[in-house]
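Here's the structure we're looking at; comments come further down.
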Amino acid sequence: MSGDPHPVRDGTTVTVENLSQSYGDVSVLDGVDLTVEPGEFVALVGPNGAGKTTLLRSINGVLDPDGGTVALDGTPVEELSSKAVSRQVATVPQDSHVGFSFTTEQIVEMGRTPHQSRLDWGTDSEPIERALERTETAQFRDRAVDDLSGGERQRVLLARALAQEPSVLVLDEPTASLDINHQIRVLGLVAGLVSEGNTAIAAIHDLDLAARFCDRLLLLSDGHIRARGSPESVLTDDALATAFGTTTAVTRNPATGTPTVAAFDERPSVGGRVHVVGGGVPGQRALRTLWQAGFDLSAGPLPAGDRAAELAAALECPTVTAPPFEPVDEDLRAEATAFAREADVIVVTDGPGGEALPETIDHSASIRAAFGGQSGVARQRVAALGDGGGRPPAGGAGIDRTVTSAETLLAAVRNCLDSG
Amino acid sequence: MRVHSRLLLWSSGLFAALVCTILVSARIGPVSIDTWTVVRATINTLAYPSGVSLESTRAGVLGHGLDLPVPDLAYTQPFSLSVDSSDQVIVQQLRLPRILLGAIVGFALATAGAVMQGFFRNPMADPSIIGVSSGAAVGAVAVIAFPIAMPFGLQTAAFVGSLIAAFGVYLIATEGGRTPVATLLLAGIAIQTFLGAVISYMLLYTGDNLEEAILWLMGHLRWSSWGDVEATLPLTVIVFVVLLAYARDLNVMLLGEEDAQTLGIDVEWTKRILLAGASIITAAGVAVAGIIGFVGLIVPHIMRLLVGPDHRILIPTSALAGATFLVAADTLARAGPAEVPVGIVTAAVGAPFFLFLLRKREVHAL
Chain A
0 MSGDPHPVRD GTTVTVENLS QSYGDVSVLD GVDLTVEPGE FVALVGPNGA
50 GKTTLLRSIN GVLDPDGGTV ALDGTPVEEL SSKAVSRQVA TVPQDSHVGF
100 SFTTEQIVEM GRTPHQSRLD WGTDSEPIER ALERTETAQF RDRAVDDLSG
150 GERQRVLLAR ALAQEPSVLV LDEPTASLDI NHQIRVLGLV AGLVSEGNTA
200 IAAIHDLDLA ARFCDRLLLL SDGHIRARGS PESVLTDDAL ATAFGTTTAV
250 TRNPATGTPT VAAFDERPSV GGRVHVVGGG VPGQRALRTL WQAGFDLSAG
300 PLPAGDRAAE LAAALECPTV TAPPFEPVDE DLRAEATAFA READVIVVTD
350 GPGGEALPET IDHSASIRAA FGGQSGVARQ RVAALGDGGG RPPAGGAGID
400 RTVTSAETLL AAVRNCLDSG
Chain B
0 MRVHSRLLLW SSGLFAALVC TILVSARIGP VSIDTWTVVR ATINTLAYPS
50 GVSLESTRAG VLGHGLDLPV PDLAYTQPFS LSVDSSDQVI VQQLRLPRIL
100 LGAIVGFALA TAGAVMQGFF RNPMADPSII GVSSGAAVGA VAVIAFPIAM
150 PFGLQTAAFV GSLIAAFGVY LIATEGGRTP VATLLLAGIA IQTFLGAVIS
200 YMLLYTGDNL EEAILWLMGH LRWSSWGDVE ATLPLTVIVF VVLLAYARDL
250 NVMLLGEEDA QTLGIDVEWT KRILLAGASI ITAAGVAVAG IIGFVGLIVP
300 HIMRLLVGPD HRILIPTSAL AGATFLVAAD TLARAGPAEV PVGIVTAAVG
350 APFFLFLLRK REVHAL
């Protein structure tokens, strides 16, 4: 979805000042300020009912502000005719049920309406063809839009907006009904238009996509802006917890390098501190399982930059990280040992980085978690733990000390805690 | 240019069908006239306006006689082909005015139907939906029931009545400069029901004129004159042109009002134009012909199956098809031993055809 470049034109700056909107008595937006310059792609993120769509509908002129102003290059949208606004601002709605079976091409052609006089029934085929091309909708140009899938229809609506040749794109959940391939193609296309000097504002539910494609994020909840700025600065656990009212973990997506957000149900608080040794996939899995179950966690040594270390950092648990692929030095080992001694239970996984600890630890409640199918390695480590001067694991008390699944890990940890 | 060429193709075909239907219809009647005589007599009838004079017409207004100046057009007939004089009179004075009036009324009702179905985004909408027909009926029946109290002619009363009803529905449904389509529909239904009660009540007092009132309510073209044609044609053509100019806006309105606005349509203004246009053109037709049902419903529906939803093509083709359909239906209505109101024919022929399409699954999606 790239193709030939869109004609470059003077961009439009969108300015929102102290905007308030309400439906009846219900205030939806309260004192919102926002400036989007040409060449910027801003994502509105936030929970359902935060006011994202209302903000978009104020920018494209569908709603007149109850208070404050929305301006395009300094001219209030209210003072412009809908035709004048639509020459600058194109909107991609969430979904349109059309009724009466217009074809894809007819729908895209309607995007030319702002540029044609009432009796001009000609078709500006060039912008229409370019829009069909760039959105990969040309292959169903003669099909009725109502017979298309939701994702295809969404792209047709984008094509209609491109045919408008706007300088501002307003998108309401443009990727909601798209598969992952088309999600990134559509957002990549918008990002491309933005790099050509257009302005784009999109409400996006998917925080990872927003972080990946947008220059700036605007976190809205309850009609207020809670945070704004780069994806890294907006997507923090605290801001997200305030806005969404749920627990999240922000990590970095290893493939894209951009923040990725995971949300969790309300986390139970069960008490009990568990120390996890060993990183990699097994370490990450142990951390995730135990954290979701509500235990307090500490971890380490974990190889720095390893996925388990990332998760531990996102979960904000005390962690000792060590440079990967080299022996853990004494200081770090001592630090990790200190964490481990404070814990009620130690979980040794068969991931990398944990081999330093067992020799120094003296702890009764330790569990070996062999998630990776490398139970041999874990067994060796636990054996080392047993031999290394500490007391041998009290395996006789009916506690299964070698676990291979999340469920059995939790059961073993709970058993350890119950038996003191 | 695809729109233009498709429009030209469909329109010329339908126009040819209309001309053929008119010629065939003019042959049929108590006196059978052969086609070539009809053609020659029709050519002889062709006329162009060649002058205007003011004539005083004595009109009774609330019991007072008033002399009103009325512009009168003088016509010149350029052709005089040889036709038997009685045939010429039958074609020119009896059959052609009725046939042409039928064509104009069919044209008007189908245009309004196409616009209303698009406006309401509902293919079951028809021109009467916002009370136009009921309003006309109130005006007409009032004149028939209480001839003395009414200062107007029946057609004027029907025309005025229909516009008052439509405007009333519009006012009721409008709040703060916005007219939600759903509210308009409900207000239209309520007003229709109320006016139905008024009509029924007045029918109780029509006495000897009951038959005339019933006949009008059924819709007929029986006493058509060139005067009716002169009164209806210009209005129909003007409003048709205005509506056609808004055909593309109507297309965009089908995407929903919010999308239409983001595509630069002045939504409320466009709705007003479409409503006013459809109401006036319906009123013009109903005033001279009474309530002829089904033309405005079924003709646009069938044309949409044939030409698709683009109103730039749908409105003109529906209009021409509506004209053809009503001329054909009226020919059937008067061809039998006893003439029946054409409204009965349009419903009796149209409904089964519609059901046929429904069963064939041609009519499925809204």
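Chains as they are written, first to last, in numbering that gives the first Met the number 0: chain A, 0 to 419; chain B, 0 to 365.
We put the beta carbon where it would ideally sit given N, CA and C, even for glycine.
All values reported here derive from a predicted model rather than from experimental measurement.
Give the interface partners of B:Arg97 over in chain A, defined as CB-CB distance under 7 Å, in chain order.
-> Under the 7 Å cutoff, chain A gives no residues; its nearest Cβ is about 35 Å from B:Arg97.
DSSP-derived helix/strand/coil call for B:Asp71 | strand
B:Pro233, enclosing beta strand (DSSP E) - first and last residue | Element bounds for B:Pro233: not the beta strand (DSSP E) but the alpha helix (DSSP H), Trp225 to Ala244.
Does any C-beta atom of chain A lie closer than 8 Å to the C-beta of B:Pro308?
-> Any Cβ of chain A closer than 8 Å to the Cβ of B:Pro308 would place that residue at the interface, and such an atom is present.
Leaving out five residues before and five after A:Val260 in sequence, what residues of the same chain have Cβ atoms less than 7 Å from its Cβ?
-> Correct list, in chain order: Leu206, Asp207, Leu234, Leu239, Thr247 and Val249.
Can the beta-carbon of A:Ser21 be found less than 8 Å from the beta-carbon of A:Val15?
-> no
CA-to-CA distance, A:Leu55 to A:Asn47, given in whole angstroms | 14 Å
What in chain B is Cβ-close to A:Lys51, meaning under 8 Å?
-> In chain order: nothing, as chain B lies at least about 16 Å away.
B:Ile280 to B:Pro29 span [Cα, whole Å] | 32 Å
Note down, in chain order, all residues in the region 253-268 of chain B with a beta-carbon under 8 Å from any beta-carbon belonging to chain A.
-> Leu253, Leu254, Gly255, Glu257, Asp258, Gln260, Thr261, Leu262, Gly263, Ile264, Asp265 and Val266
Cβ of A:Gly426 within 8 Å of any chain B Cβ = Summary: the structure shown does not reach residue 426 of chain A, with chain A confined to residues 0 through 419, and so no result is reported for it.
Indicate whether B:Pro96 and B:Tyr74 have their beta-carbon atoms separated by less than 8 Å.
-> no
On the three-state DSSP scale, how would you describe A:Tyr22?
-> strand
Kindly indicate which three-state DSSP category A:Gly48 falls into: helix, strand or coil?
-> A:Gly48 falls in the coil class under three-state DSSP.
What residues from chain A crowd round B:Val2, counting only those whose CB sits closer than 7 Å?
-> Trp120
Would you say A:Arg117 reaches chain B, if we count a Cβ-Cβ gap shorter than 8 Å as a contact?
-> yes
For the region 37-66 of chain A, which residues have a beta carbon sitting closer than 8 Å to at least one beta carbon of chain C?
-> The structure shown has no chain C; the protein chains it does contain are A and B.
What do you reckon, are the CB atoms on A:Gly271 and A:Ala321 nearer than 8 Å?
-> no
Proximal residues to B:Gly187 (C-beta, below 7 Å), its chain only, five neighbours per side dropped = So the list reads Ile128, Ile129, Gly130 and Val168, once near-sequence residues are dropped.
6 Å CB neighbourhood of A:Ser148 in its chain, flanking five on each side removed | none
Find the nearest neighbour of A:Arg306 within the set A:Arg287, A:Val91, A:Gln291 and A:Pro37, judged by alpha-carbon distance.
-> A:Arg287
Going by C-alpha distance, which of B:Asn121, B:Met123, B:Phe166 and B:Phe158 is nearest B:Ala139?
-> Per the Cα distances, B:Phe158.
If we count the other Cβ atoms within 10 Å of its Cβ and call it buried at 16 or more, is A:Cys213 buried or exposed?
-> Here A:Cys213 is buried. Its C-beta has 16 or more other C-beta atoms within 10 Å.
At least one CB of chain A closer than 8 Å to the CB of B:Ala244: is that the case?
-> Chain A, which has a Cβ nearer than 8 Å to the Cβ of B:Ala244, makes this yes.
Sheet register partners of A:Glu16 (DSSP bridge) = A:Thr68
Can you find a C-beta in chain A that's less than 8 Å from the C-beta of B:Val37?
-> no
With burial defined as no fewer than 16 other Cβ atoms inside 10 Å of the residue's Cβ, what is the status of A:Asp330: buried or exposed?
-> Looking at its Cβ environment, which holds fewer than 16 other Cβ atoms inside 10 Å, A:Asp330 is exposed.
Beta-carbon separation of A:Ala368 and A:Thr348 under 8 Å?
-> yes
Would you kindly report the start and end of the unbroken beta strand (DSSP E) that includes A:Gly299?
-> Asp295 to Pro302
Count the other C-beta atoms from every protein chain shown that fall within 10 angstroms of the C-beta of A:Asn197, then say buried if there are 16 or more, exposed otherwise.
-> buried
Buried/exposed call for B:Ala288, threshold 16 Cβ in 10 Å | So B:Ala288 counts as buried.
Within 8 Å (strictly less), CB to CB, does B:Leu8 reach chain A?
-> no
Kindly say whether A:Phe101, judged by its beta-carbon, lies nearer than 8 Å to any beta-carbon of chain B.
-> Taking a beta-carbon distance threshold of 8 Å, A:Phe101 counts as an interface residue toward chain B.
Would you say B:Asn43 reaches chain A, if we count a Cβ-Cβ gap shorter than 8 Å as a contact?
-> Under the Cβ distance rule, B:Asn43 does not count among the residues neighbouring chain A, no pair being separated by less than 8 Å.
So, using beta-carbon positions, are B:Ser24 and B:Ile98 closer together than 8 Å?
-> Result yes, Cβ atoms of B:Ser24 and B:Ile98 sit closer than 8 Å.
Please name the residue or residues paired with B:Ser52 in a DSSP beta bridge.
-> B:Asp71
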